[in-house]
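Comments concern the structure below.
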Amino acid sequence: MTTDTTGPDRRADERAEELADEAKTENPDPTTARETFELELMEEGRSEEGESVELTDESDERSS
-13 MTTDTTGPDR
-3 RADERAEELA
7 DEAKTENPDP
17 TTARETFELE
27 LMEEGRSEEG
37 ESVELTDESD
47 ERSS
């Protein structure tokens, strides 16, 4: 039997990051990506996890 050492908080952060990456990939517009990301979190009952996730890339900020 293996022991999970990541803990629930780490797994939640990883899932939020995964959803953020998917939203950015599917929606190049930052506003639409954020809305998509937040809707996905709401559907999974994880709204609070998205508060600390940034959806903008450094390269996106430099091109603005």
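If you count by my numbering, then the sequence shown holds residues -13 to 50, one letter each, in order. Backbone N, C-alpha and C define an ideal beta-carbon position, used for all residues, glycine too. Note that the structure is predicted; figures quoted are calculated from it, not measured.
Legend entry - Per-residue burial, L25 [other beta carbons within 10 Å of its own, 16 or more giving buried]: exposed
Legend entry - Option in N13, D7, M28 with minimal Cα separation from E40: D7
Legend entry - Inter-residue Cα distance where the pair is E21 and E4: 15 Å
Legend entry - Straight-line Cα distance separating P(-6) from E29: 18 Å
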